[in-house]
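Student: In terms of my numbering, the sequence shown is residues 2 to 730.
All C-beta atoms in this analysis are idealised placements derived from N, C-alpha and C, irrespective of residue type, glycine included.
All values reported here derive from a predicted model rather than from experimental measurement.
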Amino acid sequence: MAILRVEPLTTARALRGPFDYRRPAAMKGIEVGSVVRVPFGSRRLLGVVVEVAQTSELAPERLAEPIEALEAGAPPELVELGLWVGREYCSTPSRGLQLVLPPGTGAGGRTVRSKTELRAQILPAGEAALSGDERLGIKQRAVLEALRAGEMSNAELTAAVGSDRQTLRRLEQRELIGTRSSRLRRAPGQSGLAAPAQRPQLLPEQEAAVDSIVAALDGDAGAPRGLLLHGVTGSGKTEVYLAAVEAALERGRGAIVLVPEIGLAPQAVARFRARLGDRFAVLHSALSAGERYDEWRRLRSGEASVCVGPRSAVFAPVRDLGLIVIDEEHDPSYKQEGDPWYDARTVARKRASDRGAVLVAGTATPRPETWLELPRLELPRRVDGRRLPPVELVDMRQADPRSGPLHPDTWEALEGVRHAGAKAIVMINRRGFAPWLTCRSCGHHWGCPNCDVSLIVHRHSGRLVCHHCAHVEPAPRACPECASTTLSRAGAGTERIEALLSERLAPMPVFRLDSDTAARRGAHARILARFGEAPSGVLVGTQMVAKGHDFPEVTLSAILDADATLRFPDFRAEERTFAMVAQLAGRSGRGEAGGEVIVQTLAPTASSIEHAARHDSAGFLAGELERRRILRYPPFSHLVRIGFSAEREARLETAATAIATELRGALPEGSELLGPAPMFRVRNRHRRRILIKASDREGTVAAVRDVVERRAADRSLREIAIGVDVDPQ
Ligand code: ADP
Ligand code: ZN
Ligand code: ZN
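#1: Quick one: what's got a C-beta closer than 6 Å to Gly127's C-beta in the same chain, skipping five residues either side?
#2: Decide if Asp295 is buried, meaning its Cβ has at least 16 other Cβ atoms within 10 Å, or exposed.
#3: Quick one: what does DSSP say Ser354 is sitting in, helix, strand or coil?
#4: Report yes if the CB atom of Ala245 is closer than 8 Å to the CB atom of Leu324, and no otherwise.
#5: Report all residues from its chain with a CB closer than 6 Å to the CB of Pro19; omit the five preceding and five following residues, and keep chain order.
#6: Which runs of the beta strand (DSSP E), 3 residues or longer, sit entirely within the stretch 138-213?
#7: According to DSSP, is Arg432 helix, strand or coil?
#8: In the structure shown, what three-state DSSP assignment does Ser95 receive?
#9: Quick check on the DSSP output: what are the complete alpha helix (DSSP H) runs of length 4 or more inside the stretch 585-643, in order along the chain?
#10: Check whether the Cβ atoms of Arg688 and Ser646 sit closer than 8 Å, and answer yes or no.
#11: Do you know offhand how far Ala305's Cα is from Val361's?
#12: State yes or no: is the C-beta of Glu627 nearer than 7 Å to some heavy atom of ligand 1?
#13: Should Lys1 be labelled buried (16 or more other beta-carbon atoms within 10 Å of its own) or exposed?
#14: Compute the distance between the beta-carbons of Ala491 and Ala435, then report whether it is under 8 Å.
#15: For Ala476 versus Gly463, is the C-beta spacing smaller than 8 Å?
#16: Any residue with its C-beta under 6 Å from a non-hydrogen atom of ligand 3 counts. Can you list them all in chain order?
#17: Quick one: is Ser286 buried, meaning 16 or more other Cβ sit within 10 Å of its Cβ, or exposed?
#18: By the three-class DSSP mapping on this structure, what secondary structure does Ser717 have?
#19: In angstroms, rounded to a whole number, what distance separates the CA positions of Gly624 and Ala613?
#20: Within its chain, find whatever has a CB closer than 7 Å to the CB of Ala108; leave out the 5 residues flanking it on each side and keep chain order.
#21: Do you know whose CA, among Gly542, Ala526 and Cys449, lies nearest Phe732's CA?
#22: Cβ of Thr106 within 7 Å of any heavy atom in ligand 1?
#23: Beta strand (DSSP E) containing Arg1: first to last residue?
#24: Which value, in whole angstroms, describes the spacing of the CA atoms of Val727 and Ser404?
#25: In chain order, what residues of the same chain have a beta carbon less than 6 Å from the beta carbon of Glu650, not counting five sequence neighbours either side?
#26: According to DSSP, Ala695 sits in a beta bridge with which residue or residues?
#27: Tell me whether Arg478 sits in a helix, a strand or coil according to DSSP, three-state version.
#28: Find the nearest neighbour of Phe273 within the set Glu240, Arg136, Gly590 and Gly303, judged by alpha-carbon distance.
#29: Give the straight-line distance between the Cα atoms of Asp21 and Ala3, rounded to the nearest whole angstrom.
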C-alpha cells in the first residue's frame, strides 16, 4: 500500500505536516506534487503530496484517504524547491509550496481549472438523415447542415445557427453527430507593440558572450556555469539573452527569463514573443487567473519551453531547464517584500545549480555581490556606436531656494529640448504634489493619524494621502488649530513638477508616469505609447520612467533629487543611488541627436553620484566593496532581519528584548546581533527591529527559525507580529 505524505496548505505557522494518508487504488495517478483535498479532523484541506512512501508510523486503518486530486500539480523538482524556500527564508512549508503550485491553487478562494469547449462533428448517419426522410427539428437540421463543412464548437454553432447544448445532446443521443471536449487556451493579450523577428548579425563582443554561455550549456570543462553579463544600456544584452535562449532550445532544453516587472517592459516581452513564437509563455500578475493557469500548463506539458516573467517566474514549471537569465539583476523587485521574503536571484542560483542549468545575470549596474561572485562577460559599448551621454552634476546647495525645485540650468536645458522639438525625461522619486503641508500662522503640520509620517498633498484628487497606510482625507482649506487659510505646501512630487513643466514649457505636452497614473490595467503601456508617438514632449515621473523603454528622440534626462535615496539609513543606499542615476543616464541620447543628463543633487561628492556621472561601475564597485568589507556587510556577511510590531508598545518592547536575549544565546559563533531598535509607527502599530550579521548563514537561519517557531506557539505573544527577512534589501 502506498502512503501519501501531505503538507497542508494553511497559513497557520503552528500546523505543520506532513500528515500521512492512504492512497486508494483508484488514485494511482497521485504522485509527489499532486494537489489533493484531504479530510483533516472535521475539516477539509487542500494539501500537496511531498512524498510517496511505503510505510507509515500509523496503523493503516487509522489513515484516511484523500477525497480528490486536483487537475494539475507541481513537478517533484519544484516541490523540493518550494520546501527549500520555506526553510531558507524562515517561512513555512505551506508558504514555500504555494509558490510552485499551478496559479489559482489557493488555501482559500476558488481553484482555477482548464477551460474546455464541446466540439461536434457529423457522423455518416447524420449525413444520411439530411438526405433521407428522417424527422429532424429545425435546429437539428441547421446544425447538421452546418457541420457538413467540418467540425465546429458549441459556441460557433450557437453563433451560426442559434443552436444550444440541448440540440447537440439530442443529436448525439440519436448518433447523428459525435462530440468531444477540447481544451481551450486562454491566451494572454498582446501589447500591440511590433518587434522584429529577425536576429541581427551579432557584434564580436556579443558573439563572444554567447559563445561563453553556449560553452557552459554544453558543459565544457572549465566553463563557469554562472555568468554576469555587464553591459551599458543599449549594448545589446537582450540580443545575447535571445541567442542564449535559442541555443538552449536547440539543445532540447528550456529557459526562464526573469525581468523586473513585466508591465514595465512591454517592449522586451514583444521582442521575445516575436522571436520565440509558440515556444514562448509569459507569467505575471496582470494576466487573468485563467490565462495564467493555461500558460503554466503549457510550460508544464512542454508545449512551451521558455517562460518570461517577473520574480515569481523563477518557479515556472519549465521542463529540462537549461538556462535562467536575470535581466536587470540589480532591480529591487526581485526581492519579495512579504512572507516568504525570498530573493528570486538566490532562488535562481539554487535552481540552476540543482538542475545543472546555466545562470546569466545581466545589468549595466551590477550589485556588489554579483560583481564579486560571478565571472564577467563585458559589452563595453553601445550597439549604435554612440558614446554614453555626458552627465552634468548640478549642485543644489548653491541654488536659490526661491527658484523652485528645478535649477535654472535644468530649465535652460528643457527649453533647449522644446526649441529643438525633441523629448526629455524628468525623474523625481516621490509621487503626489508636495510632501509637507503646514500652517504658516501656527506651524501645524498634517501627519498621518496611524503612522509617524507626513501626509502627502495630492492635488489631482484634492486629498491628503499617507504613503504607508490606506489613510486618505480631503485636502483642508483652513488650519484646524488656528483657522488660518494660509497653508504652505512644501517640497515637490511628480504632480507639482508636472504642473510646473506644463506651465512653463507649453505647448510641449507633459506626460506623468507614476503609480497613480499607471494604476489602471494597461495604463502604463498607454502612457509610454503616447509619449512615444508625440512628436515632442516631456515624460515626468518616479523611477518608473527609468525602466523598460527605448525612445531614440530623448535628448535629455534630468533627475531632480538624486540623493533622496542616499538619505535612507540603509547600507544599500549608495548602490541604489548609483543604479538609479546610471539607469536614467542610459535613457538619454539613444538617437542621432545625442543627448545629455542633468543630475540635481545636494551631495555632488557622494561616491555613487560621482561615479555614476562618469559611467564608471568598476570604480564605484571597487570602492563600495571595500566599504562593505570594512563594515562587514554583504557579500562579506549574511544579514537576517527580524521585525516586530504590535499596538501596545510596552508589550512589544518586552517581547522583542526577550527574543533578542534568547537569540544571543542561540546564534552560532561569528554572529552579531543589533537591536531591538525602534522604527517609526505604521498603521497604528509600533515597531522594533533586530538585525543579525552572520558568517554562518545556515546555522543562523536555523537558530532564528527555532526561536521564532517556539515564540509563534507561545500564546502570550499572540498580539505581536513577527516577520523574518533573510537577506533583507
Ligand atoms: P540592452 O538590452 O543592453 O539595453 P538591446 O539588446 O536592447 O540592449 O539592444 C539595443 C538596441 O540595439 C535594440 O534595438 C536591438 O535590437 C539593437 N541591437 C542589438 N544588437 C544588435 C546587433 N548586433 N546589430 C544591430 N542591432 C542590434
Ligand atoms: Zn494654524
Ligand atoms: Zn499612514
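Tutor: So, from the listed chains and residues:
#1: Leu145, Leu177 and Ile178.
#2: Buried, because 16 or more other Cβ atoms sit within 10 Å of the Cβ of Asp295.
#3: DSSP places Ser354 in helix when its eight states are reduced to three.
#4: When the beta-carbon positions are compared, Ala245 and Leu324 come within less than 8 Å of each other.
#5: Apart from sequence neighbours up to five positions away, the residues of its chain that approach Pro19 with a beta-carbon distance below 6 Å are Arg6, Val7, Glu8 and Val51, ordered along the chain.
#6: The stretch 138-213 contains these whole beta strand (DSSP E) runs: 178-185.
#7: In the three-state reduction of the DSSP assignment, Arg432 falls in the coil class.
#8: In the three-state reduction of the DSSP assignment, Ser95 falls in the helix class.
#9: Inside the stretch 585-643, DSSP marks whole alpha helix (DSSP H) runs of 4 or more residues at positions 608-614 and 618-632, from first to last along the chain.
#10: Contact flag set, yes.
#11: Approximately 21 Å between the Cα atoms of the pair.
#12: No; taking the cut-off as 7 Å, the Cβ of Glu627 has no heavy atom of ligand 1 nearer than that.
#13: This structure leaves residue 1 out entirely; the chain is present only between 2 and 730.
#14: Going by beta carbons, Ala491 and Ala435 fall inside the 8 Å limit.
#15: Taking 8 Å as the cut-off, the beta carbon of Ala476 is found closer than this to the beta carbon of Gly463.
#16: In chain order, the hits are Cys449, Asn451, Cys452, Cys467, His469, Cys470 and His472.
#17: Looking at its Cβ environment, which holds fewer than 16 other Cβ atoms inside 10 Å, Ser286 is exposed.
#18: When DSSP states are grouped into helix, strand and coil, Ser717 belongs to the helix group.
#19: Looking at the two C-alpha atoms, the distance is approximately 13 Å.
#20: Legend: pLDDT at Ala108 = 48, less than 50; position of this residue unreliable, value from coordinates given subsequently. Taken in chain order, the residues that qualify are Leu10, Thr11, Thr12 and Leu47.
#21: Residue 732 is absent from the model: the chain starts at 2 and stops at 730.
#22: Proximity of the beta carbon of Thr106 to ligand 1 is not indicated: no heavy atom of the ligand is located closer than 7 Å.
#23: Given a span of 2 to 730 for the chain in the structure shown, any question on residue 1 remains unanswerable.
#24: Computed Cα separation, rounded: 45 Å.
#25: Here the set comprises His687.
#26: Beta-bridge analysis with DSSP links Ala695 to His639.
#27: Arg478 falls in the coil class under three-state DSSP.
#28: The residue among Glu240, Arg136, Gly590 and Gly303 with its C-alpha nearest the C-alpha of Phe273 is Glu240.
#29: The straight-line gap from Cα to Cα measures roughly 10 Å.
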